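Please read the structure below before turning to the comments.
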Amino acid sequence: MIIWIASYPKSGNTWVRSIISSLIYSNDGNFNFDLLKKIQQFPNRKYFKNFTKDFNNINEIKKYWIESQNFINLNKEVKFFKTHHINCKIGEHAFTDKSNTLGTIYIVRDPRNLINSFTNHYSIDKNTAKNFITSRQSVTGALGEMKKENNIFTILGSWNDHLKSWTNMNQNLLLIKYEDLIKNPLNEINKITKYLANLVDFSCSEEKINNIINSTSFEVMKKKEAEEGFDESVMDTTNENKVNFFNLGKENKWEKYLNSEDQEFIKDKLGLEMKELGYI
């Protein structure tokens, strides 16, 4: 059975994965980048290669969403997967189902703060980022990520469609707000720990939790990337240099980057869900 760690891109998925991998796959809670390899991304080409080689064709890929998960789950072990894919259904083909899903941890972030993260990570301008997160037709290939070795056609949709797809009518859901994780990491990690304790066996202690908080802080992660590099960083499409994955963290404040017109545009498109989450 799969526990999904789902989010729209640049919403804190890597941070939560770091917390969970340190909690589940380490003895002392001290994080290192190798632990992230314990939580793979889905969809990923390696999980589809026995079914198809047409990795860019959604009409082909959709036929094997469930079949590939059935195959992954043959060993009947609990496993975690990171995903940015919308939890959609195309015709008779659903992205996942109850027989493959044990639980979902969904990370959400104020969409206004996604704009600057998108411009940095994907080397795009503000208007492109703004239109991307509000478009129901958004896919990762539109931002060039298909160039990465294991990437596969991934549907995102708009920020609010993505949010609703994973949180509406989801009976075993834990919702984590990125902003709460910044304000009070101990409280949010305790939520994650309590949630996972009902689904999987692991050891936990106050010392381990403190180590997780310290070793997965933005400052530590940014330093580790500078010293060791980070496999999940991408190339700047304008100059072929690596883009820093850990860029601004809590210093990314939309008030600095969005003018009143930008703010109204986002509110007009995404305001209902933003209000429900307390962002406006």
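Residue numbers (the numbering used here): 1 to 280. A virtual CB, placed ideally from N, CA and C, is assigned to each residue, including glycine. Values in this document were obtained by computation on a predicted structure and should not be read as measured data.
The alpha-carbon separation between Lys89 and Phe95 amounts to approximately 6 Å. Arg17 and Lys82 do touch by the CB rule: their CB atoms are close to 6 Å apart, below 8 Å. Beta-bridge pairing by DSSP links His93 to Ile90.
In this structure, Asn190 is the residue among Asn190, Asn214, Thr216 and Leu163 with its C-alpha nearest to the C-alpha of Cys204.
A contact is defined here as three or more CB-CB pairs under 8 Å, and the stretch 66-73 fails this definition with respect to the stretch 22-31.
For Gln40, the secondary structure class from DSSP, reduced to helix, strand or coil, is strand.
The alpha-carbon of Leu186 is positioned some 42 Å away from that of Phe51. By the Cβ-count criterion, Gln41 is buried, with 16 or more other Cβ atoms from all chains shown falling within 10 Å of its own Cβ. Distances from the CA of Pro9 to each of Asp54, Tyr64 and Phe118 were compared; the closest alpha carbon is that of Phe118. For Ser215, no beta strand (DSSP E) segment is defined; the enclosing uninterrupted segment is the alpha helix (DSSP H) at Glu206 to Ser215. Note: Ser7 is bridge-paired with Ile107 in the DSSP secondary-structure output. Straight through space, the alpha carbons of Glu60 and Asp54 are spaced by roughly 7 Å. Per DSSP, the unbroken alpha helix (DSSP H) holding Leu196 starts and ends at Pro185 to Ala197. Counting only residues of its own chain and dropping the five nearest sequence neighbours on each side, Glu179 has a CB closer than 8 Å to the CB of Arg109 and Asp110. In the DSSP annotation of this structure, the continuous segment of the alpha helix (DSSP H) that includes Ile58 starts and ends at Ile58 to Ile61.
Between Ile212 and Ile5, the beta carbon gap of about 15 Å keeps them out of contact (Cβ cut-off 8 Å). Per DSSP, the beta bridge partners of Leu173 are Thr104.
Assigned with DSSP and collapsed to three states, Thr134 falls in coil, not helix or strand.
Counting of Cβ neighbours within 10 angstroms places Asn113 among the buried residues, the total reaching 16 or more. By the neighbour-count criterion, in which 16 or more other beta carbons inside 10 Å mark a residue as buried, Ser22 falls on the buried side.
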